[in-house]
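Asks: Count along the sequence shown from 1, then add 2; that gives the number in this note's numbering. For glycine and all other residues, C-beta sits at the position ideal for the given N, C-alpha and C. Only a predicted model underlies this, so the values are computations on that prediction, with no experimental measurement involved. My questions all concern the structure below.
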Amino acid sequence: MTPLSEESAEILAIKALSWLVGNDELLPVFLGATGATEADLRQRSMDLEFLASVLDFLLMDDAWVQRFCDMEGCADDLPLRARFALPGGAQVSWT
């Protein structure tokens with residue numbers, strides 16, 4: 003898996019946040035799951051840790067990942083690669 007730069011990961015996470023905000027079905031689920039408010043969406047949209055939580059949420063369901071990637075025209079593994087590049091996303095090696 004080719005690593006992404008933090009900047010590329012941040013851009014993808016911002017796109018995921020935009021996609022989420024435009025999704026009337028998933029946005030309330032995200033807000034409820036994270037405890038974020040609509041004000042947080044505006045105020046923290048450039049906060050790397052918040053953006054990481056957006057990717058964490060997206061990655062919870064393969065169907066969400068697929069829909070986002072289809073809309074973005076990107077590879078299905080790109081959100082996961084982006085998550086690894088953001089704070090707290092280091093891949094754990096158990097060996």
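For the segment 50-59 and the segment 69-80, state whether three or more C-beta atom pairs, one from each stretch, are separated by less than 8 Å.
Replies: Flag = no, the segment 50-59 and the segment 69-80 do not touch.
Asks: Who are the Cβ neighbours of residue 91 in its own chain at under 7 Å, not counting the five residues just before and after it?
Replies: Translated into positions along the sequence shown, residue 91 becomes position 89. If we look at residue 91 and ignore the five residues flanking it on each side, its Cβ neighbours are 54, 85.
Asks: What does a CB cutoff of less than 6 Å around residue 46 pick up in its chain, not counting 5 residues either side in sequence?
Replies: Here the question's residue 46 lines up with position 44 in the sequence shown. Contacts found: 52.
Asks: Taking the alpha-carbon positions, what's the residue 17 to residue 38 distance?
Replies: As a first step, residue 17 must be located in the sequence shown, where it is residue number 15. As a first step, residue 38 must be located in the sequence shown, where it is residue number 36. Residue 17 and residue 38: Cα-Cα distance of roughly 18 Å.
Asks: May I have a chain-ordered list of the alpha helix (DSSP H) segments no shorter than 4 residues that lie completely inside the segment 3-82?
Replies: Fully enclosed alpha helix (DSSP H) runs of 4 or longer: 8-23, 29-36, 40-45, 50-60, 64-74.
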